[in-house]
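In our numbering, the protein residues as written are 48 to 271.
Don't be surprised by glycine CBs; every beta carbon is placed ideally from N, CA and C.
Worksheet: one structure, shown below.
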């Protein structure tokens, strides 16, 4: 079955750790991904060539791969070379920065889409605005994500998921829209699907112990 159809109406778990964290190891990330599969995930989103290579042999679900290089500007699978290398790990879907911002190698998003398609993979454009999504759809992206909403100068940051953006993309585009970003509760995940999302990506609230712990610590500190 087409990987896009396999994740329809489902939960994709983002399995990532930040640099310098104790969990930042391919074997650890593989184990977290396997645990998410046991819990019923419809797919896995992960970053880094080593992590993806560790997961691919043991994850029999659609794998959305990316490569973060840097921590500002365009850094999610930022160049054609990054995208091709991610595709060659065996990911069915390659996630890239799908905004209209200049890319570090001077390439266009269209060139990245074409390169990923030549490798036999699909491309998910991580967007911040409706205009980003429209532009990504026009150059052949296969899925549109709301991943970068609230993380670019032209996109206001909402307290939770940007459901208005989800709904707008669904209304304007004829492509699957994946809700991602600040989805911290099951109710929010459900609301994203109700807004028309094809699938929902949740990362921090499931796979980032340091952040989850801090939420509980903050709650206990405010009590008398």
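How many angstroms separate the CA atom of residue i from the CA atom of residue j?
{"i": "residue 140", "j": "residue 111", "result": "5 Å"}
{"i": "residue 244", "j": "residue 237", "result": "9 Å"}
{"i": "residue 168", "j": "residue 125", "result": "17 Å"}
{"i": "residue 212", "j": "residue 180", "result": "10 Å"}
{"i": "residue 89", "j": "residue 250", "result": "13 Å"}
{"i": "residue 225", "j": "residue 84", "result": "19 Å"}
{"i": "residue 130", "j": "residue 268", "result": "43 Å"}
{"i": "residue 282", "j": "residue 123", "result": "Outside the modelled stretch of the chain, which goes from 48 to 271, sits residue 282, for which no answer is possible."}
{"i": "residue 105", "j": "residue 61", "result": "16 Å"}
{"i": "residue 108", "j": "residue 117", "result": "28 Å"}
{"i": "residue 41", "j": "residue 239", "result": "Since the displayed the chain opens at 48 and closes at 271, residue 41 lies outside it and no answer follows."}
{"i": "residue 96", "j": "residue 113", "result": "8 Å"}
{"i": "residue 259", "j": "residue 68", "result": "14 Å"}
{"i": "residue 194", "j": "residue 165", "result": "24 Å"}
{"i": "residue 233", "j": "residue 248", "result": "11 Å"}
{"i": "residue 176", "j": "residue 119", "result": "18 Å"}
How many whole angstroms separate the CB atoms of residue i and residue j, which I take to be in contact at a CB cut-off of 8 Å?
{"i": "residue 197", "j": "residue 221", "result": "In fact, because the Cβ distance is near 25 Å, the residues do not count as touching under 8 Å."}
{"i": "residue 59", "j": "residue 99", "result": "Their Cβ separation, rounded to whole angstroms, is 14 Å, which puts residue 59 and residue 99 out of contact at 8 Å."}
{"i": "residue 147", "j": "residue 178", "result": "7 Å"}
For residue i, I'd like the list of residues in its chain whose CB is within less than 7 Å of its CB, leaving aside the five on either flank, ordered along the chain.
{"i": "residue 183", "result": "145, 156, 172, 174, 191"}
{"i": "residue 103", "result": "110, 136, 137"}
{"i": "residue 55", "result": "245, 246"}
{"i": "residue 50", "result": "109, 139, 140, 169"}
Within its chain, find whatever has a CB closer than 8 Å to the CB of residue i; leave out the 5 residues flanking it on each side and keep chain order.
{"i": "residue 161", "result": "187"}
{"i": "residue 218", "result": "243"}
{"i": "residue 257", "result": "68"}
Output the boundary residues of the alpha helix (DSSP H) element that contains residue i.
{"i": "residue 105", "result": "Element bounds for residue 105: n/a, residue is neither H nor E."}
{"i": "residue 235", "result": "233 to 241"}
{"i": "residue 285", "result": "Any question about residue 285 goes unanswered here, given that the chain covers just 48 to 271."}
{"i": "residue 92", "result": "It is not in any alpha helix (DSSP H) - residue 92 instead sits in the beta strand (DSSP E) that spans 90 to 94."}
{"i": "residue 130", "result": "127 to 134"}
{"i": "residue 81", "result": "73 to 85"}
Starting from residue i, follow the beta strand (DSSP E) in both directions and report where the run begins and ends.
{"i": "residue 269", "result": "No beta strand (DSSP E) contains residue 269, which DSSP labels as neither H nor E."}
{"i": "residue 246", "result": "246 to 249"}
Apart from the five residues just before and just after residue i, which ones in its own chain have a Cβ nearer than 6 Å to its Cβ?
{"i": "residue 6", "result": "As shown, the chain starts at 48 and ends at 271. That puts residue 6 outside it, with no answer to give."}
{"i": "residue 101", "result": "73, 77"}
{"i": "residue 159", "result": "127, 130, 143"}
{"i": "residue 231", "result": "252"}
{"i": "residue 254", "result": "62, 79"}
When you measure from the CB of residue i to every non-hydrogen atom of the ligand HEM, does any distance come out below 7 Å?
{"i": "residue 127", "result": "Among the components modelled here there is no ligand, and therefore nothing to report on the ligand HEM."}
>> Extract the residue ranges of the alpha helix (DSSP H) inside the segment 140 to 223, only unbroken runs of 4 or more that lie entirely within it.
In response: 156 to 165, 177 to 185, 210 to 219
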